[in-house]
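Numbering (our numbering), first residue to last: 2 to 135.
Where is the CB? At the ideal position from N, CA and C, for every residue including glycine.
Values in this document were obtained by computation on a predicted structure and should not be read as measured data.
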Amino acid sequence: LGMGFESLAVGHVKTPMFNLLDQGLIEEGVFAFFLGADEPGELTIGGVNRDRYEGELAFTPLKNASYWAVTLGKVVSFNQAGERIEYTKATTAIVDSGTSLMVGPAEDVKMIAESMGAVFNYWEDVWVLDDCMN
């Protein structure tokens with residue numbers, strides 16, 4: 002859809018987001034995703050839908066203006082017993098709404114995947130979580 006930066010665009014063409022901004026069709030270069038379990042997802046361009054969250058949004062600086070790369074201080078997940086698990090190894094993460102993959106150092110991914118009940122698929126060389134609803 003073109004939510005990334007011009008530096009990543011083929012031929013460095015202006016992306017849809019920057020086109021909307023330049024034409025004055027949106028006031029802010031902001032977009033938000035809502036991924037609903039029981040209702041359709043939603044993409045809001047030029048702002049956020051305040052009905053989709055509680056509290057205040059927190060913004061974090063990007064590591065560079067190429068990818069949506071941010072400093073990741075910790076990862077919080079829940080194991081199959083519903084217990085909260087925190088991984089506090091600081092690293093850089095890329096936020097990518099266009100993928101269902103989690104990529105990282107093998108030992109860290111293994112620890113997170115196993116705590117969530119994922120199974121390693123040796124044929125594909127990936128961890129697989131069959132039931133994402135749990």
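Below 8 Å between beta carbons: does that hold for residue i and residue j?
i: Trp-124; j: Ala-114; result: no
i: Thr-100; j: Thr-72; result: no
i: Gly-5; j: Val-31; result: no
i: Pro-21; j: Ile-46; result: Looking at the sequence provided, one finds Leu at residue 21 rather than Pro. Yes.
i: Ala-70; j: Ser-8; result: no
i: Leu-44; j: Phe-34; result: yes
i: Arg-85; j: Val-76; result: no
Closest by CA to residue i, which one among the options?
i: Tyr-88; options: Glu-108, Val-96, Ala-70 and Ile-95; result: Glu-108
i: Ile-95; options: Ala-10, Lys-64, Leu-44 and Arg-51; result: Lys-64
i: Pro-106; options: Ala-91, Met-117 and Ala-119; result: Ala-91
i: Ile-29; options: Phe-79, Met-117 and Met-18; result: The question names Ile, but residue 29 in the sequence shown is Glu. Comparing Cα positions, the closest option is Met-18.
i: Arg-53; options: Ala-82, Gly-42 and Pro-62; result: Gly-42
Use the C-beta contact count for residue i: other C-beta atoms within 10 angstroms, 16 or more gives buried, fewer gives exposed.
i: Asn-135; result: Only weak support exists for where Asn-135 lies, its pLDDT of 47 falling under 50; the coordinates are left without a value.
i: Phe-121; result: exposed
Rounded to whole angstroms, how far is the Cβ of residue i from the Cβ of residue j, which I believe are closer than 8 Å?
i: Val-136; j: Met-117; result: With the chain covering 2 to 135 only, the question about residue 136 has no answer from this structure.
Worksheet item: At which residue ranges does the stretch 91-127 contain complete alpha helix (DSSP H) runs of 4 or more residues, listed in the order of the chain?
Response: As far as the stretch 91-127 is concerned, its whole alpha helix (DSSP H) runs of at least 4 residues are 107-116.
Practice prompt. Pick out the complete beta strand (DSSP E) segments inside the stretch 11-84, 3 residues or longer, and give them in chain order.
Written response: Counting only runs of 3 or more, we get 32-35, 43-46, 70-73 and 76-79.
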